[in-house]
Amino acid sequence: MTPDQLSATIIGALTSLSEAGAISLPDGVPTEVLVERPKVKEHGDYATNIALRLGKKAGMNPRDFAQLLADELAGSGGVASAEIAGPGFLNIRVDAGAQGALAPQIVTAGTTYGTSELYAGQKVNLEFVSANPTGPIHIGGVRWAAVGDSLGRILSAIGAEVTREYYFNDHGVQIDRFARSLLADARGEDAPEDGYGGQYISEIVASVLARHPDAAALPDDEALETFRAEGVDLMFSEIKQSLRDFGVEFDVYFHENDLHESGAVDRAIARLDELGMMYDRDDARWLRTSDFGDDKDRVVIKSDGEPAYISGDLAYYLDKRERGFDRCLIMLGADHHGYVSRMMAMCAAFGDTPKVNLEILIGQMVNLVRDGKPLRMSKRAGTVLTLEDLVEAIGVDAARYALARYSMDSTIDLDLDLWASQTSDNPVYYVQYAHARLSSIIRNAADLGVVLDEATFDPSLLAVEQEGALLRSLADYPKVVARAAELREPHRVARYLEDTAAAFHKFYDVAHVLPKGDEEPNDLHRARLMLVAATRQVIANGLGLLGVTAPERM
24 MTPDQLSATI
34 IGALTSLSEA
44 GAISLPDGVP
54 TEVLVERPKV
64 KEHGDYATNI
74 ALRLGKKAGM
84 NPRDFAQLLA
94 DELAGSGGVA
104 SAEIAGPGFL
114 NIRVDAGAQG
124 ALAPQIVTAG
134 TTYGTSELYA
144 GQKVNLEFVS
154 ANPTGPIHIG
164 GVRWAAVGDS
174 LGRILSAIGA
184 EVTREYYFND
194 HGVQIDRFAR
204 SLLADARGED
214 APEDGYGGQY
224 ISEIVASVLA
234 RHPDAAALPD
244 DEALETFRAE
254 GVDLMFSEIK
264 QSLRDFGVEF
274 DVYFHENDLH
284 ESGAVDRAIA
294 RLDELGMMYD
304 RDDARWLRTS
314 DFGDDKDRVV
324 IKSDGEPAYI
334 SGDLAYYLDK
344 RERGFDRCLI
354 MLGADHHGYV
364 SRMMAMCAAF
374 GDTPKVNLEI
384 LIGQMVNLVR
394 DGKPLRMSKR
404 AGTVLTLEDL
414 VEAIGVDAAR
424 YALARYSMDS
434 TIDLDLDLWA
444 SQTSDNPVYY
454 VQYAHARLSS
464 IIRNAADLGV
474 VLDEATFDPS
484 LLAVEQEGAL
494 LRSLADYPKV
504 VARAAELREP
514 HRVARYLEDT
524 AAAFHKFYDV
534 AHVLPKGDEE
544 PNDLHRARLM
554 LVAATRQVIA
564 NGLGLLGVTA
574 PERM
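Given below as C-alpha cells:
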C-alpha cells in the first residue's frame, strides 16, 4: 500500500461516514488527504492530520472526529490499526499483506514505476549549460549539465514534453575577444589583455591552420574573421562532444546570432509596442519593466540605434512561447542573480505569468578539493577547471551523481578522494553497490531454483520490521519523483536512493533471502525475492533519473 493508496482509503472512509450521516462536511469530502511518515517510527507506519483539519468544520471535537474515522478505518482492507494521538492526529499501521502487495506491482510496472501524468500535456523548454563557445565547459557549467539533464529526465517522468535547449552565444564581445586571442597565438604574439589563454587556444589554432595554412598571414580583418568562424565551430563541436560523453544530449542548439539576423528582435519590440509596454526617451527605446517589479526601466534600443543586451532576451523568450512552450525554465549561475527581476518583468510585460511561464533557477559555485586542499588550475584550460578535469578525476557516474546530489542553491565542495573511492562513504558507490548486490541475489536465486511467481506470492509473509521499512521506502518513490519535479530539486532523488539502499542493507542483515545448505526453496524465500526484485527496480529507476548507470556487478 502506497501513501496515495492509503490516502484513497481514508477518503473512502470519510465518504462512508458522510453518507451514513455520522459526520457533516459543509465543503464536502476532500479529494486529497495528506499522509506522512511519522517522525517517530514507533507511532506507526503513517500519520494524518485530517481530523484536525475537518473536525471543527464538522462541528465536532477533532479527537471525537478522529475516533469515528479510526473505527471506520479499522474495517477497511489494508489497515491494521488506527490510533488517536494528541489533539486529533491519527497514527496508522498498515496490514503486512497490503503493504507487501506493492512488491509485485513494482516488478510488473518496471521502468514505469514512479512515473505519473502530473504534467501531461505541458510543453517545457529547459535551457541549461549554454556555455559560451570560447573555451571548455568550466566546473560551474558541468554542475548545470548534471542537474539540468536530471531535471529534464524527472520532468519527463511526470508526463511533461521536455525540450532540452542550449543557447549558443555566437554574438557579442566575448566572441571578438576569443577570435583576437586565437589570432594572437597564431602570430606568436601575447594574448590580448582581456583575451583567453590556456593550452586549448593553441590546440584550436593548430586545427584552424591545418585547414587554412595561410590564415595568420591574411589581412587583420580577414584573418580575424577566419579564426572567429573556424575557432567557434571547433570549440563548439568540442563542447557538444564533451557533453555527449557526459551523457547529456540537447534537442535544440539555438544560435543567438539568428535572433538578430531573422528580425526576431524587431518582432518582439513590435509585440511590446502593441501591448503599450514601450516608450521613447533620450533618443532611445525603453521597456516599462519597473511596472512589474524591476528596479528600473530597461533600454531596449540605445540612442545610437544599436540593440541593448536585453533585446536578445526579449526576442528569445517570445520565440520560445511562439514555439508552443507552456513553461520556459532557464538555469543560470550565481553571477546572474541580479538578472532575475528584469527577466520576470519582461515575462509580465508580454502578458505572461512570472514563475509559471518563465522560471529562472540560480545555481551556486562548485569547488573541487583534493588532499584537503582546493584545486585551482586546469592542465588544459589554464585557470578554469573543466568538465574533463572532473571526469578524469572521478568518472562520469560519480561526477553526475555528486553534482546532482546537492541543492542547487548551495555551494558545494567536492572531495575528489572521497568520490573516487570504492567504499560505502562514497554515496554513488553505496547506491550502485546496493543495485549490484540485489542483482547478485537474483542471479543466485535462479541458480538455486527460487523464481519470481506472482501467482504464489504471499505478501503477508513480509512481516519483519525491516521488510516493512523497506516496503514503505519503495512506496515513497512516486511522491519523491513528483516532489523533485515540482520543486525542481533532483537532489531529492539522490538522497532518497541513499536512504533506500540503507533500508535494503538493514533488511538483508536480518532476513535471509536464499535457501541455505540443503534447505528447499519455500514461500518465504519467494516472497523476499519479490521484495529484492522490487528494490532493484526502484534503485535502477532512480539512478536512471540522475543519468547514472545501475551496474549488475561491481
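In our numbering, the protein residues as written are 24 to 577.
All residues carry an ideal CB built from backbone N, CA and C; glycine is no exception.
V34 (DSSP reduced to helix, strand or coil): Translated into positions along the sequence shown, residue 34 becomes position 11. One detail in the question is off: residue 34 reads as Ile in this sequence, not Val. Residue state for I34 is assigned as helix, using DSSP reduced to three classes.
Contact set for T446: own chain, Cβ-Cβ below 8 Å, skip 5 residues either direction: Counted from its first residue, the sequence shown places residue 446 at position 423. Cβ neighbours of T446 within its own chain (closer than 8 Å, five residues either side excluded): Y452.
Three-way DSSP call (helix, strand, coil) for M300 in this model: Along the sequence shown, read from residue 1 onward, the residue named residue 300 stands at position 277. Coil.
Own chain, CB closer than 6 Å to S401, minus 5 neighbours either side, in chain order: Looking up residue 401 in the sequence shown gives position 378. Taken in chain order, the residues that qualify are V407, L408, T409, D412.
Pick from L568, E575, E184, L510 that is closest to T135, judged by C-alpha positions: Here residue 135 refers to the residue found at position 112 of the sequence shown. Closest by C-alpha distance to T135, out of L568, E575, E184, L510, is L568.
For I33 and R116, the rounded distance between their alpha carbons: Translated into the one-based positions of the sequence shown, residue 116 becomes position 93. Translated into the one-based positions of the sequence shown, residue 33 becomes position 10. Computed Cα separation, rounded: 13 Å.
Span of the alpha helix (DSSP H), counted from its first residue to its last, around G171: Counting from 1 along the sequence shown, the entry for residue 171 is found at position 148. In the DSSP assignment, G171 falls within the alpha helix (DSSP H) that extends over 162-180.
Residue from D522, F527, T479, R350 whose Cα sits closest to the Cα of H548: Within the sequence shown, residue 548 is the residue found at index 525, counting from 1. For the set D522, F527, T479, R350, the Cα lying nearest the Cα of H548 is the one of T479.
Expected contact under 8 Å - CB spacing of M366 and I383 to nearest Å: Within the sequence shown, residue 366 is the residue found at index 343, counting from 1. Within the sequence shown, residue 383 is the residue found at index 360, counting from 1. That belief holds up - the Cβ atoms of M366 and I383 are roughly 6 Å apart, short of 8 Å.
Rounded Cβ spacing between F348 and K146 (contact assumed at less than 8 Å): Here residue 348 corresponds to residue number 325 of the sequence shown, with the count starting at 1. Here residue 146 corresponds to residue number 123 of the sequence shown, with the count starting at 1. In this structure F348 touches K146 by the C-beta definition: roughly 5 Å separates them, less than 8 Å.
R234 versus L205 - alpha carbon distance: Translated into the one-based positions of the sequence shown, residue 234 becomes position 211. Translated into the one-based positions of the sequence shown, residue 205 becomes position 182. The straight-line gap from Cα to Cα measures roughly 14 Å.
CB of L125 within 9 Å of CB of A557, strictly: What you label residue 125 is simply residue 102 of the sequence shown in a count that begins at 1. What you label residue 557 is simply residue 534 of the sequence shown in a count that begins at 1. A contact, by the Cβ cut-off of 9 Å.
Any chain B beta carbon closer than 9 Å to F269: Protein chains in the displayed structure number just one, and chain B is not present.
Of the residues V363, V185, P156, N155, the one placed nearest A143, counting alpha carbons only: For the purposes of this step, residue 143 is taken as the residue at position 120 of the sequence shown. For A143, the nearest C-alpha among the options comes from V185.
Per DSSP, cross-strand counterpart(s) of I383: Numbered from 1 along the sequence shown, position 360 holds the residue referred to as residue 383. I383 has I353 as its beta-bridge partners, per DSSP.
At least three beta-carbon pairs within less than 8 Å, the region 462-478 to the region 85-96: The answer is no - the region 85-96 does not touch the region 462-478, with fewer than three Cβ pairs under 8 Å.
Among E575, R393, R551, the one whose alpha carbon lies nearest that of G120: Your numbering for residue 120 matches position 97 in the sequence shown. For G120, the closest C-alpha among the options E575, R393, R551 is that of R551.
C-alpha distance - A239 paired with D358, whole-angstrom precision: One-based indexing of the sequence shown puts residue 239 at position 216. One-based indexing of the sequence shown puts residue 358 at position 335. Each residue's Cα considered, the two are about 36 Å apart.
Continuous alpha helix (DSSP H) stretch holding S225: start and end: Within the sequence shown, the letter at position 202 stands for residue 225. Element bounds for S225: 222-234.
Distance CB(D213)-CB(S225) smaller than 9 Å: Here residue 213 corresponds to residue number 190 of the sequence shown, with the count starting at 1. Here residue 225 corresponds to residue number 202 of the sequence shown, with the count starting at 1. No, the pair does not count as a contact, with Cβ atoms beyond the cut-off.
L257 to P236 span [Cα, whole Å]: Mapped onto the sequence shown, residue 257 falls at position 234. Mapped onto the sequence shown, residue 236 falls at position 213. Their Cα atoms are separated by approximately 16 Å.
Residue burial classification, H514 (beta-carbon count within 10 angstroms, cutoff 16): Residue numbering aside, residue 514 sits at position 491 when the sequence shown is read from its first letter. By the 10 Å Cβ count, H514 comes out buried.
Assigned exposure category for E490 - 16 Cβ within 10 Å defines buried: Here residue 490 refers to the residue found at position 467 of the sequence shown. E490 counts as buried, since no fewer than 16 other beta carbons sit within 10 angstroms of its beta carbon.
Ordered list of beta strand (DSSP E) runs contained in the region 82-117, each at least 3 residues: Listed in chain order, the complete beta strand (DSSP E) runs (minimum 3 residues) inside the region 82-117 are 102-108, 112-117.
For L241, the three-state DSSP class (helix, strand or coil): To locate residue 241, count along the sequence shown from 1; it is residue 218. Residue state, collapsed to three classes: coil.
CB contact flag (G570, S173, <9 Å): Within the sequence shown, numbered from 1, the residue matching residue 570 stands at position 547. Within the sequence shown, numbered from 1, the residue matching residue 173 stands at position 150. G570 places its beta carbon less than 9 Å from that of S173.
First through last residue of the alpha helix (DSSP H) which encompasses V487: By 1-based counting over the sequence shown, the position of residue 487 is 464. For V487, there is no enclosing alpha helix (DSSP H), since its DSSP letter is neither H nor E.
Beta-carbon proximity list for G328, same chain, < 6 Å, skipping 5 on both sides: Position 305 of the sequence shown, counting from 1, holds the residue named residue 328. If we look at G328 and ignore the five residues flanking it on each side, it has no Cβ neighbours.
Rounded separation between D448 and K263 - CA only: For the purposes of this step, residue 448 is identified with residue 425 of the sequence shown, where counting begins at 1. For the purposes of this step, residue 263 is identified with residue 240 of the sequence shown, where counting begins at 1. Whole-angstrom Cα-Cα distance: 33 Å.
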